[in-house]
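Residue numbers (the working numbering): -12 to 169. Backbone N, C-alpha and C fix where the C-beta goes; we use that ideal spot for every residue, glycine too. Below is one structure, written out as structure tokens, with a few remarks after it.
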Amino acid sequence: MSLDQLIKDCKKEKASAREELYRRYASMLYSVSIKYSRNREEAEDNLQDAFITVFTKIGQYTFKGSFDGWLKRIVINTALQCYRQQPVFDIVNEGQIPEVEVEIDDEQLPLPFLLKIIQDLPDRYRLVFNLYALDGFSHKEVAEMLKISENTSKSNLSRARLILKEKIEAYYAQNDIHSSTQ
């Protein structure tokens, strides 16, 4: 079945189409959800909530733009909704935080380790890091999505990078691997 037909059938609330849509996209959307979640259980809950939103709002999809992008945005917004109601964002003095670049030798660092250290970041840093560094949103867009200032977005990104750099350097030292984060 074509994607357009599948979407049309979902708009008609056909159970078989909804099931097919879930089968096609659950894995890809789970990988988005896990980036914005503290753990697997939270990622699974966010994914389920996102699919409920997808099926509720699929009538609003107008076949303009990427359907994958539309789905991804719903998953991100679903995950962010949990944090919007919590005071997770600290306003810090940007002058205190040096701009840190983290270069990763992906052949030396296992993907599960990278995912774990990103998930272990405090919420405010993890969300900004994922939105900016992994999903390519601008600081202005991140600020709007999280209802924070652009400067707070920038400072939280710098703090996230600093924490990640320290954890990567510790991993290199522990495993006697030459570090490229300096």
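- Three or more beta-carbon pairs drawn from the segment 31 to 40 and the segment 60 to 72 are found closer than 8 Å, and the two stretches are therefore classed as touching.
- Collapsing the DSSP output to three states places Leu(-7) in a helix.
- Looking at Tyr9, Leu(-7), Ser24, the one whose alpha-carbon comes closest to that of Ile105 is Ser24.
- If you compare the alpha carbons of Ile(-6), Leu108, Gln68, Lys22 with that of Arg11, the shortest gap goes to Ile(-6).
- Cβ neighbours of Arg5 within its own chain (closer than 7 Å, five residues either side excluded): Cys(-3), Phe42.
- Under the DSSP assignment, Ser140 falls in the alpha helix (DSSP H) whose first and last residues are 137 to 161.
- Annotated three-state conformation of Leu108 is coil, per DSSP.
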